[in-house]
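Using the UniProt record's numbering, you'd call the opening residue of the sequence shown number 1 and step up by one each time. Here a beta-carbon is modelled for each residue, glycine too, at the ideal position from N, C-alpha and C.
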Amino acid sequence: MSEESKSLQDQWLRAAARTSRKINLGWWLQALSAPLVIGSGIATLSLLWLRRHWPAVESPVWWASSVGWVLLLAIVAWWTARRRFESPHHALVRIEDTMSLRNALTTARCGVGRWPALPPQIDAGLSWNWTRVTAPPLAALALLLAGHWIPVSALPGADSTPPEAPLAWENIQADLDRLDQEDVIDEDYIEEMEKKLEALREKDPDEWFDHASLEATDALERQHQSELERLSREATQADHALANLEQGAGKLSTQRKDELLQQFDNALQGLQSGALKPNSELLDQLQQLDPSQLGQLTEEQMRQLRENLQKTAAAAKSGQCEGSSGQGEEWMDELMAGNQPGQGEGPIGPDGSGSGSGGVSRGPGEAGGVLGNEGPSIKTGALETLQAMDLSRTLPGDLLELQNGQHEVDDSATAPQAGGSVSQAGAGGDRVWRESLDPDEQRALKKFFE
(Lines of atoms letter the chains of each structure in order from A; the text may use other names.)
(Lines give C-alpha, C1' and ligand atoms only; values in the text may rest on other atoms or scores of the structure.)
Protein backbone atom coordinates (compact mmCIF):
# COMPACT_ATOMS: atom_id res chain seq x y z
CA MET A 1 0.00 0.00 0.00
CA SER A 2 1.34 3.34 -1.08
CA GLU A 3 1.80 6.27 1.24
CA GLU A 4 -1.08 8.14 -0.39
CA SER A 5 -3.45 5.19 0.03
CA LYS A 6 -2.33 4.76 3.66
CA SER A 7 -3.03 8.43 4.39
CA LEU A 8 -6.50 8.23 2.79
CA GLN A 9 -7.31 5.14 4.81
CA ASP A 10 -6.34 6.81 8.10
CA GLN A 11 -8.36 9.92 7.31
CA TRP A 12 -11.50 7.95 6.40
CA LEU A 13 -11.19 5.74 9.47
CA ARG A 14 -10.77 8.77 11.75
CA ALA A 15 -13.86 10.32 10.23
CA ALA A 16 -15.74 7.07 10.82
CA ALA A 17 -14.57 7.00 14.48
CA ARG A 18 -15.77 10.59 15.02
CA THR A 19 -19.13 9.73 13.52
CA SER A 20 -19.36 6.63 15.70
CA ARG A 21 -18.66 8.65 18.87
CA LYS A 22 -21.20 11.28 17.82
CA ILE A 23 -23.91 8.64 17.26
CA ASN A 24 -23.16 6.88 20.54
CA LEU A 25 -23.20 10.18 22.46
CA GLY A 26 -26.57 10.99 20.95
CA TRP A 27 -28.04 7.67 21.99
CA TRP A 28 -26.62 8.09 25.50
CA LEU A 29 -28.04 11.62 25.89
CA GLN A 30 -31.40 10.45 24.65
CA ALA A 31 -31.46 7.63 27.20
CA LEU A 32 -30.32 10.03 29.94
CA SER A 33 -32.67 12.98 29.29
CA ALA A 34 -35.88 11.74 30.89
CA PRO A 35 -34.26 9.96 33.87
CA LEU A 36 -32.06 13.01 34.48
CA VAL A 37 -35.00 15.41 34.78
CA ILE A 38 -37.12 13.00 36.83
CA GLY A 39 -34.21 11.97 39.02
CA SER A 40 -33.19 15.60 39.60
CA GLY A 41 -36.72 16.40 40.73
CA ILE A 42 -36.65 13.51 43.17
CA ALA A 43 -33.17 14.52 44.35
CA THR A 44 -34.33 18.11 44.90
CA LEU A 45 -37.27 17.05 47.05
CA SER A 46 -35.06 14.65 48.99
CA LEU A 47 -32.43 17.35 49.46
CA LEU A 48 -34.96 19.81 50.86
CA TRP A 49 -36.25 17.17 53.26
CA LEU A 50 -32.74 16.23 54.40
CA ARG A 51 -31.75 19.87 54.89
CA ARG A 52 -34.82 20.37 57.06
CA HIS A 53 -34.11 17.36 59.27
CA TRP A 54 -30.29 17.61 59.35
CA PRO A 55 -29.45 21.31 59.05
CA ALA A 56 -26.06 20.86 60.70
CA VAL A 57 -24.64 18.88 57.74
CA GLU A 58 -22.20 20.98 55.72
CA SER A 59 -23.09 22.13 52.22
CA PRO A 60 -20.22 20.25 50.48
CA VAL A 61 -21.79 16.99 51.64
CA TRP A 62 -25.04 17.81 49.83
CA TRP A 63 -23.16 18.87 46.69
CA ALA A 64 -21.18 15.64 46.71
CA SER A 65 -24.41 13.68 47.09
CA SER A 66 -25.96 15.50 44.12
CA VAL A 67 -22.96 14.84 41.91
CA GLY A 68 -22.96 11.19 42.93
CA TRP A 69 -26.66 10.92 42.06
CA VAL A 70 -26.09 12.39 38.59
CA LEU A 71 -23.17 10.04 37.96
CA LEU A 72 -25.32 7.06 38.95
CA LEU A 73 -28.03 8.10 36.46
CA ALA A 74 -25.39 8.59 33.75
CA ILE A 75 -24.02 5.09 34.27
CA VAL A 76 -27.49 3.54 34.17
CA ALA A 77 -28.32 5.49 30.97
CA TRP A 78 -25.07 4.37 29.32
CA TRP A 79 -25.80 0.76 30.19
CA THR A 80 -29.29 1.09 28.76
CA ALA A 81 -28.21 2.79 25.50
CA ARG A 82 -25.15 0.67 24.76
CA ARG A 83 -27.12 -1.86 22.71
CA ARG A 84 -27.76 0.91 20.16
CA PHE A 85 -24.17 2.05 19.88
CA GLU A 86 -22.48 1.87 16.44
CA SER A 87 -18.96 0.78 15.74
CA PRO A 88 -16.62 2.71 13.38
CA HIS A 89 -17.37 0.07 10.68
CA HIS A 90 -21.10 0.84 10.80
CA ALA A 91 -20.33 4.55 10.81
CA LEU A 92 -18.24 4.05 7.65
CA VAL A 93 -21.21 2.41 5.95
CA ARG A 94 -23.45 5.30 7.06
CA ILE A 95 -21.00 7.81 5.54
CA GLU A 96 -20.79 6.07 2.15
CA ASP A 97 -24.55 5.71 2.07
CA THR A 98 -25.15 9.39 2.83
CA MET A 99 -22.49 10.56 0.36
CA SER A 100 -23.55 7.98 -2.33
CA LEU A 101 -20.08 6.45 -2.62
CA ARG A 102 -21.53 3.08 -3.82
CA ASN A 103 -19.78 0.90 -1.22
CA ALA A 104 -16.40 2.38 -2.12
CA LEU A 105 -15.37 2.69 1.51
CA THR A 106 -16.46 -0.85 2.41
CA THR A 107 -14.60 -2.44 -0.52
CA ALA A 108 -11.51 -0.32 0.18
CA ARG A 109 -11.56 -1.38 3.82
CA CYS A 110 -11.73 -5.02 2.69
CA GLY A 111 -8.76 -4.43 0.38
CA VAL A 112 -10.70 -4.91 -2.83
CA GLY A 113 -10.83 -1.35 -4.06
CA ARG A 114 -8.99 1.89 -3.61
CA TRP A 115 -9.83 4.53 -1.05
CA PRO A 116 -11.64 7.41 -2.72
CA ALA A 117 -10.29 10.92 -2.53
CA LEU A 118 -11.22 12.77 0.61
CA PRO A 119 -13.86 15.47 -0.06
CA PRO A 120 -13.65 18.91 1.60
CA GLN A 121 -16.43 17.95 4.03
CA ILE A 122 -17.53 14.51 5.16
CA ASP A 123 -21.29 14.26 5.64
CA ALA A 124 -22.71 11.43 7.73
CA GLY A 125 -26.27 12.75 7.54
CA LEU A 126 -26.30 13.71 11.26
CA SER A 127 -26.82 17.07 13.04
CA TRP A 128 -27.40 18.07 16.63
CA ASN A 129 -30.80 19.27 17.84
CA TRP A 130 -29.41 21.61 20.47
CA THR A 131 -32.78 22.30 22.07
CA ARG A 132 -33.34 18.63 22.86
CA VAL A 133 -29.69 18.18 23.85
CA THR A 134 -29.36 21.11 26.28
CA ALA A 135 -32.86 21.36 27.76
CA PRO A 136 -32.73 18.27 30.06
CA PRO A 137 -29.30 19.03 31.58
CA LEU A 138 -30.23 22.67 32.17
CA ALA A 139 -33.52 21.68 33.77
CA ALA A 140 -31.75 19.16 35.99
CA LEU A 141 -29.13 21.75 36.99
CA ALA A 142 -31.84 24.27 37.85
CA LEU A 143 -33.64 21.73 40.03
CA LEU A 144 -30.48 20.77 41.89
CA LEU A 145 -29.54 24.42 42.47
CA ALA A 146 -33.01 25.07 43.82
CA GLY A 147 -32.61 22.17 46.22
CA HIS A 148 -29.37 23.69 47.52
CA TRP A 149 -30.33 27.36 47.62
CA ILE A 150 -34.01 27.45 48.60
CA PRO A 151 -34.14 28.56 52.27
CA VAL A 152 -35.39 25.78 54.52
CA SER A 153 -36.18 26.19 58.20
CA ALA A 154 -34.99 23.41 60.45
CA LEU A 155 -37.45 21.36 62.44
CA PRO A 156 -37.60 22.16 66.17
CA GLY A 157 -34.91 20.08 67.79
CA ALA A 158 -33.58 18.81 64.44
CA ASP A 159 -30.28 20.65 64.76
CA SER A 160 -27.73 18.10 65.87
CA THR A 161 -25.30 20.80 66.91
CA PRO A 162 -25.38 20.97 70.73
CA PRO A 163 -26.23 24.33 72.25
CA GLU A 164 -23.54 26.51 73.67
CA ALA A 165 -22.46 25.26 77.07
CA PRO A 166 -23.06 27.44 80.15
CA LEU A 167 -20.44 30.12 80.57
CA ALA A 168 -19.66 28.95 84.10
CA TRP A 169 -18.35 25.65 82.73
CA GLU A 170 -15.98 27.44 80.39
CA ASN A 171 -14.77 29.72 83.20
CA ILE A 172 -14.10 26.83 85.56
CA GLN A 173 -12.33 24.82 82.85
CA ALA A 174 -10.17 27.80 81.86
CA ASP A 175 -9.27 28.37 85.51
CA LEU A 176 -8.34 24.71 85.97
CA ASP A 177 -6.16 24.81 82.85
CA ARG A 178 -4.41 27.93 84.13
CA LEU A 179 -3.74 26.38 87.54
CA ASP A 180 -2.46 23.23 85.87
CA GLN A 181 -0.02 25.23 83.75
CA GLU A 182 1.24 27.23 86.72
CA ASP A 183 1.79 23.99 88.66
CA VAL A 184 1.04 25.49 92.08
CA ILE A 185 -1.74 23.22 93.32
CA ASP A 186 -2.32 19.53 93.77
CA GLU A 187 -3.31 17.72 90.56
CA ASP A 188 -5.91 15.60 92.37
CA TYR A 189 -8.14 18.64 92.78
CA ILE A 190 -7.95 19.41 89.05
CA GLU A 191 -8.82 15.85 88.10
CA GLU A 192 -11.77 15.78 90.52
CA MET A 193 -13.17 19.08 89.22
CA GLU A 194 -12.79 17.96 85.61
CA LYS A 195 -14.71 14.77 86.40
CA LYS A 196 -17.57 16.84 87.83
CA LEU A 197 -17.60 19.09 84.78
CA GLU A 198 -17.60 16.07 82.48
CA ALA A 199 -20.56 14.62 84.38
CA LEU A 200 -22.49 17.84 83.70
CA ARG A 201 -21.53 17.84 80.02
CA GLU A 202 -22.61 14.21 79.55
CA LYS A 203 -26.22 15.15 80.21
CA ASP A 204 -28.61 15.74 77.35
CA PRO A 205 -27.88 19.20 75.89
CA ASP A 206 -31.56 20.01 76.28
CA GLU A 207 -31.10 19.62 80.04
CA TRP A 208 -28.02 21.84 80.37
CA PHE A 209 -30.10 24.85 81.34
CA ASP A 210 -32.68 23.04 83.45
CA HIS A 211 -33.20 24.11 87.04
CA ALA A 212 -31.36 21.11 88.47
CA SER A 213 -28.41 21.49 86.10
CA LEU A 214 -28.08 25.21 86.80
CA GLU A 215 -28.20 24.56 90.54
CA ALA A 216 -25.44 21.96 90.21
CA THR A 217 -23.39 24.40 88.13
CA ASP A 218 -23.82 27.18 90.69
CA ALA A 219 -22.89 24.84 93.52
CA LEU A 220 -19.76 23.68 91.68
CA GLU A 221 -18.76 27.26 90.91
CA ARG A 222 -19.29 28.36 94.52
CA GLN A 223 -17.26 25.40 95.75
CA HIS A 224 -14.40 26.25 93.41
CA GLN A 225 -14.43 29.93 94.39
CA SER A 226 -14.55 29.04 98.06
CA GLU A 227 -11.53 26.76 97.73
CA LEU A 228 -9.60 29.43 95.84
CA GLU A 229 -10.38 32.04 98.47
CA ARG A 230 -9.42 29.69 101.29
CA LEU A 231 -6.12 28.75 99.63
CA SER A 232 -5.26 32.39 98.93
CA ARG A 233 -6.13 33.44 102.48
CA GLU A 234 -4.22 30.63 104.19
CA ALA A 235 -1.14 31.05 101.99
CA THR A 236 -1.12 34.81 102.61
CA GLN A 237 -1.43 34.36 106.37
CA ALA A 238 1.38 31.81 106.40
CA ASP A 239 3.59 34.17 104.40
CA HIS A 240 2.86 37.12 106.73
CA ALA A 241 3.52 35.00 109.80
CA LEU A 242 6.89 33.88 108.42
CA ALA A 243 7.79 37.44 107.47
CA ASN A 244 7.04 38.77 110.96
CA LEU A 245 8.88 35.88 112.62
CA GLU A 246 11.90 36.41 110.38
CA GLN A 247 12.10 40.18 110.77
CA GLY A 248 11.31 40.18 114.48
CA ALA A 249 13.65 37.36 115.43
CA GLY A 250 15.11 38.07 118.83
CA LYS A 251 13.00 41.21 119.29
CA LEU A 252 9.49 39.82 119.72
CA SER A 253 7.95 39.22 123.09
CA THR A 254 7.11 35.67 124.05
CA GLN A 255 3.40 36.36 123.78
CA ARG A 256 3.72 37.94 120.34
CA LYS A 257 5.93 35.12 119.10
CA ASP A 258 3.42 32.52 120.33
CA GLU A 259 0.65 34.37 118.50
CA LEU A 260 2.61 34.33 115.23
CA LEU A 261 3.47 30.65 115.65
CA GLN A 262 -0.19 29.84 116.28
CA GLN A 263 -1.16 31.89 113.23
CA PHE A 264 1.29 29.97 111.06
CA ASP A 265 0.11 26.64 112.48
CA ASN A 266 -3.53 27.52 111.76
CA ALA A 267 -2.68 28.53 108.21
CA LEU A 268 -0.74 25.30 107.70
CA GLN A 269 -3.67 23.23 108.95
CA GLY A 270 -5.98 25.12 106.59
CA LEU A 271 -3.69 24.39 103.65
CA GLN A 272 -3.62 20.69 104.51
CA SER A 273 -7.31 20.18 105.28
CA GLY A 274 -9.01 21.74 102.25
CA ALA A 275 -9.89 20.04 98.99
CA LEU A 276 -7.65 22.48 97.14
CA LYS A 277 -4.08 22.04 98.41
CA PRO A 278 -0.75 23.46 97.29
CA ASN A 279 1.50 21.23 95.25
CA SER A 280 3.18 18.41 97.11
CA GLU A 281 6.60 20.10 97.04
CA LEU A 282 5.46 23.23 98.86
CA LEU A 283 3.30 21.23 101.25
CA ASP A 284 6.26 19.03 102.23
CA GLN A 285 8.42 22.10 102.85
CA LEU A 286 5.79 23.63 105.13
CA GLN A 287 5.23 20.40 107.05
CA GLN A 288 8.95 19.94 107.69
CA LEU A 289 9.44 23.56 108.73
CA ASP A 290 9.67 24.44 112.41
CA PRO A 291 8.82 28.14 112.68
CA SER A 292 10.51 28.39 116.07
CA GLN A 293 13.80 27.40 114.41
CA LEU A 294 13.77 29.84 111.51
CA GLY A 295 17.34 30.79 112.25
CA GLN A 296 18.46 27.42 110.94
CA LEU A 297 17.22 28.28 107.43
CA THR A 298 19.45 30.15 105.06
CA GLU A 299 18.31 33.41 103.57
CA GLU A 300 17.94 31.75 100.17
CA GLN A 301 15.75 28.94 101.59
CA MET A 302 13.49 31.42 103.38
CA ARG A 303 13.21 33.58 100.28
CA GLN A 304 12.32 30.56 98.13
CA LEU A 305 9.73 29.38 100.63
CA ARG A 306 8.06 32.77 100.83
CA GLU A 307 8.09 33.13 97.03
CA ASN A 308 6.31 29.79 96.69
CA LEU A 309 3.68 30.88 99.20
CA GLN A 310 3.17 34.20 97.46
CA LYS A 311 2.96 32.50 94.06
CA THR A 312 0.34 30.08 95.36
CA ALA A 313 -1.69 32.90 96.93
CA ALA A 314 -1.49 35.00 93.76
CA ALA A 315 -2.52 32.09 91.52
CA ALA A 316 -5.52 31.31 93.71
CA LYS A 317 -6.53 34.94 93.99
CA SER A 318 -6.35 35.57 90.25
CA GLY A 319 -8.75 32.70 89.67
CA GLN A 320 -11.51 34.18 91.78
CA CYS A 321 -14.45 35.52 89.80
CA GLU A 322 -14.54 39.26 89.57
CA GLY A 323 -17.20 40.68 91.81
CA SER A 324 -17.63 37.52 93.87
CA SER A 325 -18.67 37.92 97.46
CA GLY A 326 -15.70 35.99 98.73
CA GLN A 327 -13.13 38.61 97.79
CA GLY A 328 -14.58 41.25 100.03
CA GLU A 329 -14.96 38.78 102.87
CA GLU A 330 -11.37 37.60 102.43
CA TRP A 331 -10.04 41.14 102.56
CA MET A 332 -12.14 41.89 105.63
CA ASP A 333 -10.99 38.70 107.37
CA GLU A 334 -7.35 39.59 106.80
CA LEU A 335 -7.96 43.16 107.87
CA MET A 336 -9.64 42.08 111.11
CA ALA A 337 -6.90 39.51 111.70
CA GLY A 338 -4.31 42.24 111.59
CA ASN A 339 -2.42 40.87 108.59
CA GLN A 340 -2.63 43.93 106.39
CA PRO A 341 0.14 46.50 106.52
CA GLY A 342 -0.90 49.42 108.61
CA GLN A 343 -2.95 47.43 111.09
CA GLY A 344 -0.35 46.66 113.68
CA GLU A 345 1.07 43.38 112.36
CA GLY A 346 2.61 44.17 109.00
CA PRO A 347 6.38 44.03 108.54
CA ILE A 348 8.40 47.22 108.55
CA GLY A 349 9.94 48.11 105.20
CA PRO A 350 13.58 49.08 104.67
CA ASP A 351 12.57 52.74 104.32
CA GLY A 352 10.69 52.72 107.63
CA SER A 353 7.28 52.40 106.02
CA GLY A 354 4.71 50.09 107.49
CA SER A 355 2.96 49.84 110.78
CA GLY A 356 5.23 47.69 112.88
CA SER A 357 3.95 45.18 115.36
CA GLY A 358 2.56 47.52 118.01
CA GLY A 359 2.97 47.08 121.71
CA VAL A 360 3.35 48.97 124.97
CA SER A 361 6.85 50.21 124.23
CA ARG A 362 6.40 50.65 120.47
CA GLY A 363 3.14 52.52 120.24
CA PRO A 364 -0.15 51.26 118.85
CA GLY A 365 1.36 50.34 115.49
CA GLU A 366 -1.37 52.05 113.51
CA ALA A 367 -0.74 53.54 110.08
CA GLY A 368 -2.88 56.10 108.35
CA GLY A 369 -4.44 55.65 104.96
CA VAL A 370 -5.25 51.95 105.33
CA LEU A 371 -8.40 52.35 103.32
CA GLY A 372 -6.83 54.70 100.77
CA ASN A 373 -6.11 58.39 100.52
CA GLU A 374 -8.86 60.73 101.57
CA GLY A 375 -10.51 62.34 98.57
CA PRO A 376 -11.26 66.04 98.22
CA SER A 377 -14.40 67.31 99.88
CA ILE A 378 -17.31 67.74 97.49
CA LYS A 379 -19.33 69.86 99.97
CA THR A 380 -22.41 67.70 99.88
CA GLY A 381 -25.49 69.13 101.58
CA ALA A 382 -24.69 72.78 100.95
CA LEU A 383 -27.42 74.79 99.22
CA GLU A 384 -26.26 76.99 96.39
CA THR A 385 -28.26 79.39 94.30
CA LEU A 386 -28.33 78.81 90.57
CA GLN A 387 -28.07 82.03 88.63
CA ALA A 388 -30.54 82.09 85.73
CA MET A 389 -28.74 84.01 83.01
CA ASP A 390 -31.61 83.80 80.52
CA LEU A 391 -34.93 84.43 82.26
CA SER A 392 -36.85 83.78 79.04
CA ARG A 393 -36.09 80.08 79.43
CA THR A 394 -37.30 79.75 83.02
CA LEU A 395 -40.20 77.45 83.82
CA PRO A 396 -42.85 77.67 86.51
CA GLY A 397 -41.38 76.41 89.77
CA ASP A 398 -37.74 77.21 88.94
CA LEU A 399 -35.75 78.64 91.83
CA LEU A 400 -34.55 82.10 90.87
CA GLU A 401 -33.21 83.49 94.13
CA LEU A 402 -32.91 82.81 97.85
CA GLN A 403 -33.16 85.68 100.35
CA ASN A 404 -33.02 85.92 104.11
CA GLY A 405 -35.97 87.92 105.52
CA GLN A 406 -38.29 88.35 108.48
CA HIS A 407 -42.03 88.22 108.84
CA GLU A 408 -43.83 91.54 109.08
CA VAL A 409 -45.86 91.48 112.30
CA ASP A 410 -48.62 93.99 112.95
CA ASP A 411 -47.97 95.24 116.49
CA SER A 412 -50.94 97.65 116.58
CA ALA A 413 -53.50 97.11 119.34
CA THR A 414 -56.84 95.57 118.47
CA ALA A 415 -59.94 96.39 120.51
CA PRO A 416 -61.86 93.41 121.84
CA GLN A 417 -65.19 92.63 120.27
CA ALA A 418 -68.27 91.77 122.23
CA GLY A 419 -69.46 88.26 121.81
CA GLY A 420 -72.72 87.82 119.90
CA SER A 421 -72.63 91.38 118.53
CA VAL A 422 -74.95 91.83 115.60
CA SER A 423 -72.44 94.22 114.08
CA GLN A 424 -70.07 91.32 113.39
CA ALA A 425 -70.09 90.30 109.76
CA GLY A 426 -71.13 86.77 109.02
CA ALA A 427 -69.05 84.31 107.05
CA GLY A 428 -69.81 81.61 104.51
CA GLY A 429 -73.33 80.20 104.60
CA ASP A 430 -74.08 82.11 107.77
CA ARG A 431 -73.60 85.33 105.89
CA VAL A 432 -76.12 84.30 103.22
CA TRP A 433 -78.69 83.05 105.74
CA ARG A 434 -78.66 86.09 107.97
CA GLU A 435 -78.19 88.95 105.58
CA SER A 436 -79.10 87.90 102.04
CA LEU A 437 -82.60 86.40 102.62
CA ASP A 438 -85.73 88.13 103.80
CA PRO A 439 -87.92 86.49 106.46
CA ASP A 440 -90.33 84.85 103.99
CA GLU A 441 -87.44 83.28 102.11
CA GLN A 442 -85.93 82.07 105.33
CA ARG A 443 -89.18 80.40 106.42
CA ALA A 444 -89.58 78.78 102.97
CA LEU A 445 -86.07 77.33 103.07
CA LYS A 446 -86.48 76.18 106.65
CA LYS A 447 -89.71 74.38 105.84
CA PHE A 448 -88.16 72.78 102.76
CA PHE A 449 -85.19 71.31 104.67
CA GLU A 450 -87.21 70.08 107.65
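At a cut-off of 4 residues, the continuous stretches assigned as alpha helix (DSSP H) that sit fully inside the segment 265-320 are 280-288 and 299-318. If one requires a minimum length of 4 residues, the alpha helix (DSSP H) runs lying completely within the segment 118-151 are 130-149, in chain order.
By DSSP's assignment, ILE185 forms a beta bridge with PRO278.
For the 8 Å CB-CB criterion, ALA81 and ILE23 do not form a contact. Fewer than three pairs of CB atoms, one per stretch, sit closer than 8 Å, so the segment 48-55 makes no contact with the segment 123-138. The shortest C-alpha to C-alpha distance from LEU73 to any of THR217, VAL93, LEU29 and ARG102 is the one to LEU29. Assigned with DSSP and collapsed to three states, ASN103 falls in coil, not helix or strand.
In the DSSP assignment, LYS203 falls outside any alpha helix (DSSP H) and carries neither an H nor an E. When C-beta atoms of the segment 276-285 are compared with those of the segment 230-245, three or more pairs fall below 8 Å, so the two segments count as touching.
With a threshold of 16 other beta carbon atoms within 10 Å, ARG84 falls short and is exposed.
Between the alpha carbons of ALA444 and GLN406 lies a gap of roughly 52 Å. Here PRO439 is exposed. Its C-beta has fewer than 16 other C-beta atoms within 10 Å.
Assignment of SER5 by DSSP, reduced to helix, strand and coil, places it in the helix class. Residue nearest to GLN9 within the set ALA108, MET99 and PRO35 is ALA108 (criterion: CA-CA distance). Residue nearest to LEU118 within the set ASP183, PRO205, LEU105 and ASP206 is LEU105 (criterion: CA-CA distance). The beta carbon of LYS196 sits closer than 8 Å to the beta carbons of LEU220 from its chain, once the five residues preceding and following it are set aside; these are given in chain order. With a 10 Å radius around the Cβ and a threshold of 16 neighbouring Cβ atoms, TRP79 comes out exposed. Ranked by how close their Cα comes to the Cα of GLU3, the residues SER65, GLU215, ARG114 and GLN237 have ARG114 in first place.
In the three-state DSSP reduction, TRP115 falls in the coil class, being neither helix nor strand.
Contact between the segment 304-312 and the segment 280-288 is present, with at least three C-beta pairs closer than 8 Å.
In chain order, ALA124 place their CB closer than 6 Å to the CB of ARG94, counting only its own chain and leaving out the 5 sequence neighbours on each side.
Taking the Cβ atoms as the reference, SER5 lies roughly 18 Å from PRO88, outside the contact range of under 8 Å.
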